[in-house]
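Novice:
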Amino acid sequence: MQDFEVIFYRKENGEEPVKDFLTNLDPKMRAKIARAISRLEKNGTELREPFSKHLEDGIFELRVTFSSNISRVLYFFFIGHTAILTNGFIKKTQKTPRSEIEKAKRYRDDYTHRRNKNNGN
791 MQDFEVIFYR KENGEEPVKD FLTNLDPKMR AKIARAISRL EKNGTELREP FSKHLEDGIF
851 ELRVTFSSNI SRVLYFFFIG HTAILTNGFI KKTQKTPRSE IEKAKRYRDD YTHRRNKNNG
911 N
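Sequence positions in the sequence shown follow this note's numbering and run 791 to 911.
1) What distance in whole Å lies between the Cβ atoms of Ala894 and Thr876, which are believed to be in contact at a cut-off of 8 Å?
2) Taking CB distances under 9 Å as the criterion, tell me whether Asn877 reaches chain C.
3) Taking only the alpha-carbon atoms, compute the straight-line gap between Phe866 and His844 and give it to the nearest angstrom.
4) Going by beta carbon distance, what residues of the same chain come within less than 6 Å of Phe794, once the five residues before and after it are set aside?
5) Assign Ser861 to one of two classes, buried (16 or more other C-beta atoms within 10 Å of its C-beta) or exposed (fewer than that).
6) Quick one: measure Cβ to Cβ for Leu837 and Ile849, integer angstroms, because I've assumed they're closer than 8 Å.
7) Have a look at Asp847 and Pro887 and give me their C-alpha separation to the nearest angstrom.
8) Can you give the Cα-Cα distance for Glu892 and Gly804, rounded to whole angstroms?
9) Should Glu890 be labelled buried (16 or more other beta-carbon atoms within 10 Å of its own) or exposed?
10) What first and last residue would you give for the beta strand (DSSP E) that runs through Arg829?
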């Protein structure tokens, strides 16, 4: 099986929300998320619970728990073997916040729009 390329979504202003999220985490949680990202690179669309879960409309979450802290990194798959990490957050409730899912969808739409524009489509 071919490895997947994992890309950090970058806003037009250069910000990378997932990298910013990771910078502010405890080093142990950051290390666990790095392992989860490696797992995504190796398994891609085959990655399942408890490591990954499809939320809705092509948005997935990488699921990481360390001690009593729960972190999520949302992502989507793009053409070929590519996963785009959009945003991350500390989970405080049972359900993934609607605002985080909507943010991931906005970032996905922005990413695909800019990709298509840059490719002359």
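Positions of the beta carbon are idealized from the N, C-alpha and C atoms, including for glycine.
From a predicted model like this one, the values you see are computed outputs, not experimental measurements.
Specialist: So, from the listed chains and residues:
1) For a cut-off of 8 Å, the C-beta gap from Thr876 to Ala894 is around 4 Å, short enough to register as a contact.
2) The structure shown contains no chain C, having only a single protein chain.
3) 9 Å
4) Glu831, Gly834, His871, Ala873
5) Note on Ser861: 16 or more other CB atoms within 10 angstroms of its CB, so buried under the neighbour-count rule.
6) The pair is not a contact, with the Cβ atoms about 14 Å apart (cut-off 8 Å).
7) 15 Å
8) 20 Å
9) Residue burial is scored here from C-beta neighbours: Glu890 has at least 16 other C-beta atoms within 10 angstroms and is therefore classed as buried.
10) Counting along the chain, Arg829 falls outside any beta strand (DSSP E), though it belongs to the alpha helix (DSSP H) covering 817-833.
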